[in-house]
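K.L.:
Structure incoming, see below.
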Amino acid sequence: MNRVTPELIRLLEITRNLEDRVLIDLYTWPTPNGRKVSIALEEFGIPYEVHAIDIGKGEQFDDEFLKISPNNKIPAIVDRASGRAMMESGAILMYLADTYDLFRGDQWWETVEWLMMQMGSVGPMLGQAHHFLKFNPGKAPYAETRYAAEVQRIYAVLDHRLDGRGYLSGGYSIADMATWPWISRFEWQQMDLRAYPNLRRWYEEIAAREAVQRGYDVPNHVNAIPMPGYRH
Ligand SMILES: N[C@@H](CCC(=O)N[C@@H](CS)C(=O)NCC(=O)O)C(=O)O
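Counting in the working numbering, the sequence shown runs from 419 upward without gaps.
In structure tokens:
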């Protein structure tokens with residue numbers, strides 16, 4: 419029979435203190451790449467402290483930040499336990515999955531495959547679409563055509579992958595956490611999610627997660643999470 423001993427009470431106190439202790443410093447801004455990591459930290463339940471790096475004001479070029487993120491981009495983290503500083507959202511997500519043994523998907527290498535697909539295709543191509551379609555329309559017709567086609571191709575690939583599958587790699591994983599914030603900019607990409615039923619189902623399901631809603635508003639609230647059929 420288990421007894422409540424003074425040792426057990428002490429152990430519970432230590433565990434509670436550990437839960438309150440900040441483990442990770444997060445340097446970020448409310449963009450798709452930044453939200454990948456704030457959403458992950460919320461999902462993992464890791465106590466973290468947020469440091470806003472205003473990339474509109476050029477704070478990513480400050481000497482102190484460059485020591486953590488030499489490529490002058492958010493997100494970046496510092497793990498207080500090891501002192502390790504890390505840049506690159508994909509590497510950070512793998513580090514968290516590996517360190518805490520969570521959200522690895524059903525098969526680790528499939529998770530890595532879809533995470534890398536996000537890092538190599540989803541992010542860079544959709545990011546270019548934001549530049550040319552949303553912020554500079556009419557300036558470069560070739561680029562607009564090229565990136566609009568790439569966005570449509572990528573949405574179709576993801577929709578096909580999610581046909582008969584809940585998530586990109588078996589269970590909900592870091593691959594989904596990396597991809598979802600980019601799809602949340604579907605309006606900037608001039609995409610109608612209603613034309614991609616599997617991707618839309620996946621998107622709405624993840625949007626309903628409380629950890630995702632908390633992570634979306636880090637370091638500050640900009641807008642409500644866009645939902646298909648609604649305009650923001
Ligand atoms: N491959 C990087 C991309 C990070 C990235 O592009 N971050 C943007 C914001 S979404 C940034 O910090 N831009 C500032 C700049 O380029 O000066 C990652 O996934 O972490």
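Each residue gets a CB set at the ideal place from its N, CA and C atoms; glycine is no exception.
Taking the straight line between their C-alpha atoms, what separation do you get for I643 and Q631?
P.N.:
Their Cα atoms are separated by approximately 8 Å.
K.L.:
Taking 9 Å as the cut-off, decide whether the C-beta atoms of E461 and L520 are in contact.
P.N.:
Yes, these two residues count as a Cβ contact at 9 Å.
K.L.:
With distance defined between alpha-carbon atoms, name the residue in R453, L580, L576 nearest to V640.
P.N.:
Checking every option, the nearest Cα to that of V640 belongs to R453.
K.L.:
From I432 to A629, what distance separates their C-alpha atoms?
P.N.:
Residue placement at I432 cannot be trusted, given a pLDDT of 49 that sits under 50; the coordinates are not used to answer.
K.L.:
In three-state terms, what does DSSP make of F462?
P.N.:
It is helical.
K.L.:
Below 6 Å CB to CB, which residues in the same chain sit around I495 once its five sequence neighbours on both sides are set aside?
P.N.:
I442, L444, M504, I510, listed in sequence order.
K.L.:
Under three-state DSSP, which class holds G452?
P.N.:
If DSSP states are grouped into helix, strand and coil, G452 belongs with the helices.
K.L.:
Less than 9 Å between the C-beta atoms of D472 and W447, yes or no?
P.N.:
Their beta carbons are under 9 Å apart, which means D472 touches W447 by this criterion.
K.L.:
For R439, which of R618, N451, I464 has the nearest alpha-carbon?
P.N.:
Cα-wise, what sits closest to R439 is I464.
K.L.:
With burial defined as no fewer than 16 other Cβ atoms inside 10 Å of the residue's Cβ, what is the status of F553: buried or exposed?
P.N.:
Exposed.
K.L.:
Closer than 8 Å to a non-hydrogen atom of ligand 3 - does that hold for the CB of F553?
P.N.:
The model on display carries ligand 1 but not ligand 3.
K.L.:
Give the secondary structure of A558 by DSSP, where H, G and I count as helix, E and B as strand, and everything else as coil.
P.N.:
Residue state, collapsed to three classes: coil.
K.L.:
Alpha carbon to alpha carbon, how far is V540 from I572? Give it in angstroms, no decimals.
P.N.:
Near 7 Å, if we compare the C-alpha coordinates of V540 and I572.
K.L.:
Taking a contact to mean a Cβ-Cβ separation below 9 Å, would you say Y634 touches S456 in this structure?
P.N.:
Cβ atoms of Y634 and S456: closer than 9 Å.
K.L.:
At a cut-off of 8 Å, would you count N653 as near ligand 1, judging by its Cβ distance to the nearest heavy atom?
P.N.:
What is shown of the chain runs 419 to 650, which leaves residue 653 out entirely.
K.L.:
Does the pairing of the segment 617-628 with the segment 540-549 give three or more beta-carbon distances under 8 Å?
P.N.:
The segment 617-628 vs the segment 540-549: no contact.
K.L.:
Using the three-state DSSP reduction, which class does M534 fall into: helix, strand or coil?
P.N.:
Correct three-state label for M534: helix.
K.L.:
Comparing the CB of N638 with every heavy atom of ligand 1, is any distance shorter than 8 Å?
P.N.:
For ligand 1, not one heavy atom lies less than 8 Å from the Cβ of N638.
K.L.:
Is it the case that the CB of W598 approaches a heavy atom of ligand 1 more closely than 8 Å?
P.N.:
No, ligand 1 has no heavy atom inside 8 Å of this Cβ.
K.L.:
As a quick exercise: from D497, Y585, V468, pick the residue whose alpha carbon is nearest that of Q525.
P.N.:
For the residues D497, Y585, V468, the minimum Cα distance to Q525 belongs to Y585.
K.L.:
Between which two residues does the beta strand (DSSP E) holding V496 run?
P.N.:
Looking at the DSSP string, the run of the beta strand (DSSP E) that includes V496 is 494-497.
K.L.:
Taking the beta carbon of S602 as the centre, do at least 16 other beta carbons fall within 10 Å, making it buried, or is it exposed?
P.N.:
So S602 ends up on the buried side.
K.L.:
Rounded to whole angstroms, what is the Cα-Cα separation between L514 and G582?
P.N.:
Using only the alpha carbons, I get a separation of about 28 Å.
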